[in-house]
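A.B. asks:
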Amino acid sequence: MSTHPSRQTTLACVLAGGQSRRMGGGDKTLLDIGGQSMLSVILKRLEPQAPHIILNANGDPERFAEHKLPVVADPVGDFAGPLAGILAGLSYAKTNAPDMTHVVSVAGDCPFFPTNLVDRFLKAVPANKPVIALASSQDKLHPVFGLWPVALESDLRDWLLAGKTGKVLAFVDRHDSVEVAFNDTGPDGLDPFFNANRPDDLTTARKAIGKL
């Protein structure tokens, strides 16, 4: 008999493996907003939702040491995009946390995502087959925020090793999926999946965080 996925069987993976070119390079997720790093803000929203969290990041993991999280690099490619980070989470779960049935991916530059993200995802997928759940808001899909069955790890690895596109939706289209719509608004009326991609976005985030 299949068991419905739960918080206890879901590993959260914060995706921070990109090169942040539009922000001028470096780690976006370590930039300061409101006197704390963006990663700290993200973890404060995520920890009540997910008891098991890892960080996907490339390079020296020591720069994240204060957060006391397992840091897992992309297992394929060279800064291969969010699918490589999702694979990092799935592979970590498969190898190091065999009780985990799913991985929830969270963008490392989105500090205001919904506080019911994980529960909404878990309620949206069935127990008896692997279905991907993706977040949407304001009629826009946010494929970096998703719930991914660990059972898809091998297929995703083969997909990336074969040199297929790193676009998330191209891989999702191979599998059953469900869209989970979030009607919440973030602080200052922002989309809950607002992401700080550019310096102007960082200014917006710093202004908005005071209204949480």
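With my numbering applied, the sequence shown covers 5 to 216.
Idealized CB from N, CA, C, for every residue including glycine.
This structure is a prediction, so every number in the text was calculated from the model and none was measured.
As a quick exercise: from A128, L194, T169, A155, pick the residue whose alpha carbon is nearest that of A238.
C.D. replies: Absent from the structure is residue 238, since the part of the chain shown begins at 5 and ends at 216.
A.B. asks: Quick one: Cα of D177 to Cα of L138, how far?
C.D. replies: So the two alpha carbons sit approximately 12 angstroms from each other.
A.B. asks: Classify V182 as buried or exposed, calling it buried when 16 or more other Cβ atoms lie within 10 Å of its own Cβ.
C.D. replies: Looking at its Cβ environment, which holds fewer than 16 other Cβ atoms inside 10 Å, V182 is exposed.
A.B. asks: Have a look at A97 and A155 and give me their C-alpha separation to the nearest angstrom.
C.D. replies: In a straight line, the C-alpha of A97 is about 10 angstroms away from that of A155.
A.B. asks: Exposed or buried, which one is T207 when buried takes at least 16 other CB atoms within 10 Å?
C.D. replies: The residue in question, T207, is exposed, as its Cβ has fewer than 16 Cβ neighbours within 10 Å.
A.B. asks: Measuring alpha carbon to alpha carbon, tell me which residue in V108, D205, A88, F198 is nearest R161.
C.D. replies: Closest by alpha carbon: A88.
A.B. asks: On the premise that V18 lies in contact with N60, defined as a C-beta separation below 8 angstroms, what is that separation, rounded to the nearest angstrom?
C.D. replies: That belief holds up - the Cβ atoms of N60 and V18 are roughly 7 angstroms apart, short of 8 angstroms.
A.B. asks: Tell me the rounded alpha-carbon separation between L50 and H146.
C.D. replies: Each residue's Cα considered, the two are about 17 angstroms apart.
A.B. asks: Which same chain residues end up closer than 6 angstroms to G81 when comparing Cβ atoms and leaving out the 5 residues on each side of it in sequence?
C.D. replies: Contacts found: A88.
A.B. asks: What are the start and end residues of the beta strand (DSSP E) that includes A185?
C.D. replies: Looking at the DSSP string, the run of the beta strand (DSSP E) that includes A185 is 181–185.
A.B. asks: Using C-beta distances below 6 angstroms, list every residue in its chain close to I41, excluding the 5 sequence neighbours before and after it, in chain order.
C.D. replies: This sequence places Ser at residue 41; Ile is not what is there. L34.
A.B. asks: Which residue or residues does DSSP assign as beta-bridge partners of S109?
C.D. replies: Beta-bridge pairing links S109 to C17, G150.
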